[in-house]
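Chains D and W supply the protein sequences, listed in that same order. Using the numbering used here, you'd call the opening residue of the first sequence number 20 and step up by one each time. Using the numbering used here, you'd call the opening residue of the second sequence number 2 and step up by one each time.
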Amino acid sequence: MNVHPVIMAVAVVFTLLGAFFFLVGTVGLLRLPDFFTRTHAATKCDTLGAGSILVGLAIYTGLEFDALKILAIAAFILLTSPTTGHALARAAFRTGLVPWTVERQEESR
Amino acid sequence: MEAFFLGLAIFLLLNAFLCLYCAFRGPTVVDRILAINIVGTKTLVVLVLLAYVFGRGLFIDVAFVYALLNLIATLAASRFLETGRLEEEWQR
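Listed below in structure tokens is the structure:
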């Protein structure tokens, strides 16, 4: 596949940005104190990471049908990732999970 | 460029294993569902990357199906957790 070097550079920048956001999401999932903050980190960085990697790959592909499919996947993730985050947070809140605050942590000490 | 995409896929798989550790650690059920949802999204991106590494456009369609399954699984699990059943009132 013959790709112009400028297009290749743009694709590399987009994919590396996406990898960075995935790493941030993983670190947030590992380090944040309770479920709601973890949802915040995870869904946001997941949407942005997957979105920019897929957009980078679509730029790398050029004007082909595969690029359209990849952009469709990116749009789908852009719709569904906040939806699942909201559904999970609502389920957690309605089943009685209390959000973490500094005061409550200091009380429990 | 294929080597770069393969390296990126391996990096994402390492991240996915860290998320799997989060799913193992818990401590609540919603944490586990969230972690598995993120593993699913990472798997989807890895599938699209592998389509370029191996030169097979079919993997992109597989990634699309994986995105749909990921959405349905997470929504069904959260609804089951919230209401205790999978059907609404109007469905009976």
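All residues carry an ideal CB built from backbone N, CA and C; glycine is no exception.
Checklist entry - How is the alpha helix (DSSP H) around D/Glu83 delimited, first residue to last? => result Premise fails: D/Glu83 is in no alpha helix (DSSP H) and is neither H nor E.
Checklist entry - What residues in the segment 8-29 of chain W have a beta carbon less than 7 Å from any beta carbon of chain D? => result Listed by position, the residues of the segment 8-29 of chain W near chain D (Cβ gap below 7 Å) are Leu9, Phe12, Leu13, Asn16, Leu19, Cys20, Cys23, Thr29.
Checklist entry - Are the CB atoms of W/Asn79 and D/Ala61 nearer to each other than 9 Å? => result A small correction: the amino acid at residue 79 of chain W is Ser; Asn does not occupy that position in the sequence shown. No, they are not a contact pair.
Checklist entry - Looking only at its own chain, which residues have a Cβ that is under 7 Å from the Cβ of D/Leu107, when we skip the five neighbours before and after it? => result Cβ neighbours of D/Leu107 beyond the five flanking positions: Thr58.
Checklist entry - What are the boundary residues of the alpha helix (DSSP H) that includes W/Asp62? => result Where W/Asp62 is concerned, the enclosing alpha helix (DSSP H) stretches over 59-84.
Item to check | Inter-residue spacing [alpha-carbon to alpha-carbon] between D/Val29 and W/Leu82 | outcome: Rounded to whole angstroms, the gap between the alpha carbons of D/Val29 and W/Leu82 is 43 Å.
Next on the checklist: To be precise: take each residue of the segment 71-98 of chain D, compare its Cβ to all Cβ atoms of chain W, and keep it if any distance is under 8 Å. Which residues remain?
Outcome noted: Cβ contacts with chain W: Ile72, Leu73, Leu76, Tyr79, Asp85, Lys88, Ile89, Ala91, Ile92, Phe95, Ile96.
Checklist entry - DSSP state of W/Leu87, grouped into three classes? => result Coil at W/Leu87, not helix or strand.
Item to check | Span separating the alpha-carbon of W/Val47 from that of W/Leu14 | outcome: Looking at the backbone, the Cα of W/Val47 and that of W/Leu14 are separated by about 8 Å.
Checklist entry - Quick one: what's got a C-beta closer than 7 Å to W/Arg33's C-beta in the same chain, skipping five residues either side? => result Contacts found: Ala24, Gly27.
Checklist entry - By the 10 Å Cβ neighbour count, where 16 or more other Cβ atoms means buried, how is W/Asn16 classified, buried or exposed? => result It counts as buried.
Next on the checklist: Can you tell me whether D/His23 is helix, strand or coil according to DSSP?
Outcome noted: If DSSP states are grouped into helix, strand and coil, D/His23 belongs with coil.
Checklist entry - Per the contact definition of three or more C-beta pairs closer than 8 Å, is the segment 87-95 of chain D in contact with the segment 37-45 of chain D? => result Contact between the segment 37-45 of chain D and the segment 87-95 of chain D is absent, because fewer than three Cβ pairs lie under 8 Å.
Checklist entry - Excluding the five sequence neighbours on either side, which residues of its own chain have a C-beta within less than 6 Å of the C-beta of W/Leu45, listed in chain order? => result Excluding sequence neighbours, W/Leu45 sits near Ala64, Tyr67, Ala68.
Next on the checklist: Whole angstroms are fine: how far does the CA of D/Thr103 sit from the CA of D/Tyr79?
Outcome noted: Cα-Cα distance, rounded: 29 Å.
Next on the checklist: In the DSSP assignment, the alpha helix (DSSP H) including W/Val40 goes from what residue to what residue?
Outcome noted: Annotation: the continuous alpha helix (DSSP H) that includes W/Val40 extends over 30-55.
Next on the checklist: Along the chain, where does the alpha helix (DSSP H) containing D/Val117 start, and where does it finish?
Outcome noted: Segment: none, D/Val117 is in no alpha helix (DSSP H) and carries neither H nor E.
Item to check | Among D/Thr34, D/Val31, D/Phe54, nearest to D/Val117 - alpha-carbon criterion | outcome: Ranked by how close their Cα comes to the Cα of D/Val117, the residues D/Thr34, D/Val31, D/Phe54 have D/Phe54 in first place.
Next on the checklist: My output table needs one value for D/Asp53: the three-state DSSP class, helix, strand or coil.
Outcome noted: Reduced to three states, the DSSP call for D/Asp53 is coil.
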